[in-house]
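A.B. asks: Right, I'll just put the structure down here and ask away after.
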Amino acid sequence: MLPFKTPFVAKYIYPSLLWKVKTAEKVIYLTFDDGPIPNLTEWVLDVLNEYNAKATFFCVGENVLRNRSIYNRVLAEGHKVGNHTQHHINGKRSKAEAYLADVLACDEALDTDKSYSSLFRPPYGRLTNTQRKELLKNKTIVMWDVLTQDYDQTIDPSIILRKSIAATSKGSIVVFHDNVKAEANLKAVLPAYLRHFEKAGYRFEAL
-19 MLPFKTPFVA KYIYPSLLWK VKTAEKVIYL TFDDGPIPNL TEWVLDVLNE YNAKATFFCV
41 GENVLRNRSI YNRVLAEGHK VGNHTQHHIN GKRSKAEAYL ADVLACDEAL DTDKSYSSLF
101 RPPYGRLTNT QRKELLKNKT IVMWDVLTQD YDQTIDPSII LRKSIAATSK GSIVVFHDNV
161 KAEANLKAVL PAYLRHFEKA GYRFEAL
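Residue 23 in the numbering used here is what sits at position 43 of the sequence shown, and the numbering runs on without skipping anything.
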């Protein structure tokens, strides 16, 4: 099991990446990776609406092209979007030229009238130094402070909820996934997570 809270050493080694937002306010930055996916992303949007929560969706370009109406709903409801590559590829296993071309293809999928975003999150959190340096020329690379591990079907949802709550603090950037693999855990955890922090006086904003 990976740590739910990002180790300090990662933030120290890569200070140019955004791991957490510095704030004294009770604000949490929810992020959702891999969508839009039919039914599941729409369910996420419904739950967020219940709590008046805004979030940032790191979209896979090919999923945007397949599910444009869901993507448009994300934007229409006041959420932000970010680039998660066109085909959800692993930077460590890709040559820089091919990887950057895949990022550009995702930009083109996202770049409708008002949706262009300079936010980028690498799938699996994996990048080479060359890729990172090139992307930082025109993008903010968003990592995370809390990894919920909702994609891991071997972890009980109660553990995911408890450890994710414990790892969260003011300004945390929290990763959930709106993909099929994470669906069961996401549906069990997200409403309870939102309810807990709403009662604690937190609000949820997009990056």
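By construction, the Cβ of each residue, glycine as well, lies at the ideal position given by its N, Cα and C atoms. Quick caveat, the model's predicted, so the values are computed rather than measured.
Where Ile135 and Asp26 are concerned, what is the direct C-alpha to C-alpha distance, given to the nearest angstrom?
C.D. replies: Locating residue 135 in the sequence shown gives position 155, where the first residue counts as 1. Locating residue 26 in the sequence shown gives position 46, where the first residue counts as 1. C-alpha separation (whole angstroms): 25 angstroms.
A.B. asks: Beta-carbon within less than 7 angstroms of Leu(-3)'s beta-carbon, same chain only, minus the 5 sequence neighbours each way: which residues are those?
C.D. replies: The sequence position of residue -3 within the sequence shown is 17, counting from 1. Ile121 and Met123.
A.B. asks: So, are the CB atoms of Phe38 and His68 less than 7 angstroms apart?
C.D. replies: For the purposes of this step, residue 38 is taken as the residue at position 58 of the sequence shown. For the purposes of this step, residue 68 is taken as the residue at position 88 of the sequence shown. Going by C-beta atoms, Phe38 is not nearer than 7 angstroms to His68.
A.B. asks: Measure the alpha-carbon distance for Leu84 versus His59 and round it to whole angstroms.
C.D. replies: Counting from 1 along the sequence shown, the entry for residue 84 is found at position 104. Counting from 1 along the sequence shown, the entry for residue 59 is found at position 79. Going from the Cα of Leu84 to the Cα of His59 covers about 21 angstroms.
A.B. asks: Quick one: complete alpha helix (DSSP H) runs, 4+ long, within the segment -2 to 30?
C.D. replies: Complete alpha helix (DSSP H) runs here, min 4: 20 to 30.
A.B. asks: Whole angstroms are fine: how far does the CA of Lys179 sit from the CA of Thr110?
C.D. replies: In the sequence shown, counting from the first residue as 1, residue 110 sits at position 130. In the sequence shown, counting from the first residue as 1, residue 179 sits at position 199. Between Thr110 and Lys179, the C-alpha separation is close to 44 angstroms.
A.B. asks: According to DSSP, simplified to helix, strand and coil, what is Leu116?
C.D. replies: As a working mapping, residue 116 is identified with position 136 in the sequence shown. Coil, per DSSP.
A.B. asks: Measuring CA to CA, which of Asn165, Trp(-1), Lys2 and Glu77 is closest to Val24?
C.D. replies: As a position in the sequence shown, residue 24 is number 44, starting the count at 1. Here the closest residue by C-alpha is Asn165.
A.B. asks: Excluding the five sequence neighbours on either side, which residues of its own chain have a C-beta within less than 8 angstroms of the C-beta of Lys2, listed in chain order?
C.D. replies: Within the sequence shown, numbered from 1, the residue matching residue 2 stands at position 22. Closer than 8 angstroms at the Cβ level, and outside the excluded window around Lys2, lie Gly151.
A.B. asks: With C-beta atoms as the reference, is Leu0 less than 7 angstroms away from Gly181?
C.D. replies: Taking the first residue of the sequence shown as position 1, residue 0 is located at position 20. Taking the first residue of the sequence shown as position 1, residue 181 is located at position 201. Here residue 0 is Lys; the residue named in the question, Leu, does not match the sequence. No, they are not a contact pair.
A.B. asks: So is Asp91 buried or exposed if we call it buried at 16+ other beta carbons inside 10 Å?
C.D. replies: The residue given as residue 91 occupies position 111 in the sequence shown. With fewer than 16 Cβ atoms within 10 Å of its Cβ, Asp91 is classed as exposed.
A.B. asks: Should Leu141 and Val169 be called a contact, given that it needs their Cβ atoms to be closer than 7 angstroms?
C.D. replies: In the sequence shown, residue 141 corresponds to position 161, counting from 1. In the sequence shown, residue 169 corresponds to position 189, counting from 1. Result yes, Cβ atoms of Leu141 and Val169 sit closer than 7 angstroms.
A.B. asks: Nearest to Leu80 by alpha carbon, out of Glu42, Tyr51, Leu115 and Arg101?
C.D. replies: The count along the sequence shown starts at 1 and reaches residue 80 at position 100. Measuring from the Cα of Leu80, the nearest candidate turns out to be Leu115.
A.B. asks: From this set, Phe184, Val155, Ser74 and Ala162, which residue's C-alpha is nearest Thr11's C-alpha?
C.D. replies: The count along the sequence shown starts at 1 and reaches residue 11 at position 31. Looking at the Cα atoms, Val155 is the closest of the given residues.
A.B. asks: By the DSSP assignment, the alpha helix (DSSP H) with Val83 in it spans what residues?
C.D. replies: Here residue 83 refers to the residue found at position 103 when the sequence shown is read from its first residue. Segment Ala76 to Leu90, the alpha helix (DSSP H) holding Val83.
A.B. asks: Strictly by DSSP, which residues pair up with Phe38?
C.D. replies: For the purposes of this step, residue 38 is identified with residue 58 of the sequence shown, where counting begins at 1. Note: Phe38 sits in a beta bridge opposite Asp13 and Gly62.
A.B. asks: Within 10 angstroms of the Cβ of Lys117, are there 16 or more other Cβ atoms? Answer buried if so, exposed if not.
C.D. replies: Here residue 117 corresponds to residue number 137 of the sequence shown, with the count starting at 1. Lys117 should be labelled exposed.
A.B. asks: Counting only runs of 4+ residues fully inside the segment 104 to 162, write out the alpha helix (DSSP H) ranges in chain order.
C.D. replies: The segment 104 to 162 contains these whole alpha helix (DSSP H) runs: 109 to 115 and 137 to 147.
A.B. asks: Rounding to the nearest angstrom, what Cα-Cα distance links His157 and Arg106 in this structure?
C.D. replies: Taking the sequence shown and counting its residues from 1, one reaches residue 157 at position 177. Taking the sequence shown and counting its residues from 1, one reaches residue 106 at position 126. Spanning the two alpha carbons is a distance of roughly 16 angstroms.
A.B. asks: Please identify the residue among Asn47, Tyr31, Phe100 and Glu57 whose C-alpha is closest to the C-alpha of Gly260.
C.D. replies: The structure shown does not extend to residue 260, since the chain is modelled only from -19 to 187, so the question has no answer here.
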